[in-house]
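Be aware that the sequence shown starts at 4, since it is given in the working numbering, and climbs by one per residue.
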Amino acid sequence: MLRHDDHKLQLALLSPQGQRLLTLVQDAEGTRFRPGAAFEPPFTAEWLANRLAWSLWPSAALEQAFGDSGWTLREDVEGRLVEYRGRPMARITGSPECRIIDDIEGGYRLQIATLGADTDRTDAACPTD
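Dropping the structure here:
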């Protein structure tokens with residue numbers, strides 16, 4: 004489950020059965036995982052928060068944030084490509100119901116699916132290729 008506004012981002016990673024596995028928080032106090040995770044993630048809280056930002060932020064805001072840092076954003080009909088100094092780092096594709104973040108550099112895939120109040124969490128909103 005993802006909640007965010009201009010001041011705070013909170014993401015709960017859920018199992019297909021609805022069990023909370025991990026909670027990410029980004030606010031004025033910084034970026035961190037909340038205690039009590041069901042597993043030790045193989046990535047940092049900052050890594051996860053950055054990938055979410057690449058998916059959620061408007062293009063103009065990302066381009067402004069990247070500035071002259073060596074990070075760039077390319078967009079086409081298939082989605083977004085985030086590069087660092089010309090090297091592809093992540094591709095973001097999908098739809099509002101299912102965003103897919105492929106971290107090319109790290110070798111991870113994150114799928115963010117929309118859950119409604121009546122959504123059966125055992126039904127996959129994202130492709131299961």
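Ideal Cβ placement from N, Cα and C applies to all residues, glycine included.
_Buried or exposed, going by whether 16 or more other CB atoms sit within 10 Å of the CB of Leu24?_
Reading the sequence shown from its first residue, position 21 is the one you call residue 24. By the 10 Å Cβ count, Leu24 comes out exposed.
_Three-state secondary structure assigned by DSSP to Gln20_ = Here residue 20 is taken as the residue at index 17 of the sequence shown, counted from 1. Reduced to three states, the DSSP call for Gln20 is coil.
_Spatial distance of Thr34 from Ala116 (CA atoms)_ = Walking along the sequence shown from the start, residue 34 turns up at place 31. Walking along the sequence shown from the start, residue 116 turns up at place 113. Counting only the Cα atoms, Ala116 lies some 22 Å from Thr34.
*Out of curiosity, what's the CA-to-CA distance linking Pro91 and Pro45?*
By one-based count along the sequence shown, residue 91 stands at place 88. By one-based count along the sequence shown, residue 45 stands at place 42. Distance between the alpha carbons of Pro91 and Pro45: 20 Å.
*Taking all protein chains shown into account, do 16 or more other C-beta atoms lie within 10 angstroms of the C-beta of Leu68, making it buried, or fewer, making it exposed?*
Here residue 68 is taken as the residue at index 65 of the sequence shown, counted from 1. In the sequence under discussion, the amino acid at residue 68 is Ala, which differs from the Leu named in the question. So Ala68 counts as exposed.
*Rounded to the nearest angstrom, how far is the Cβ of Ile3 from that of Ala93, given a contact under 8 Å?*
Residue numbering for the chain in the displayed model covers 4 to 132; residue 3 lies beyond these limits and cannot be assessed.
*By Cβ distance below 7 Å, which residues in the same chain neighbour Glu78 in space, the five residues on each side in sequence not counted?*
As a first step, residue 78 must be located in the sequence shown, where it is residue number 75. Taking Glu78 as the centre and dropping the five residues before and after it, the same chain places the C-beta of Ser62 closer than 7 Å to its C-beta, in chain order.
_Exposed unless 16 or more other CB atoms sit within 10 angstroms - verdict on Val85_ = For this step, residue 85 is matched to residue 82 along the sequence shown. Val85 is buried by the Cβ-count criterion.
*Classify Ser72 as helix, strand or coil using the three-state DSSP reduction.*
Numbered from its first residue, the sequence shown carries residue 72 at position 69. Ser72: coil per DSSP, three-state reduction.
_Given a cut-off of 8 Å on the beta-carbon distance, is the pair Trp50 and Ile95 in contact?_
Counting from one through the sequence shown, the residue named residue 50 turns up at place 47. Counting from one through the sequence shown, the residue named residue 95 turns up at place 92. In this structure, Trp50 lies away from Ile95, with their beta-carbon atoms at least 8 Å apart.
_Close Cβ partners of Ala15 (< 6 Å) along its chain, the five nearest in sequence each way excluded_ = Here residue 15 corresponds to residue number 12 of the sequence shown, with the count starting at 1. Answer for Ala15: Met4, Arg23 and Thr26, listed in chain order.
_By the DSSP assignment, the alpha helix (DSSP H) with Ala48 in it spans what residues?_
Here residue 48 corresponds to residue number 45 of the sequence shown, with the count starting at 1. Following the DSSP letters along the chain, one finds Ala48 inside the alpha helix (DSSP H) bounded by residues Ala48 to Leu59.
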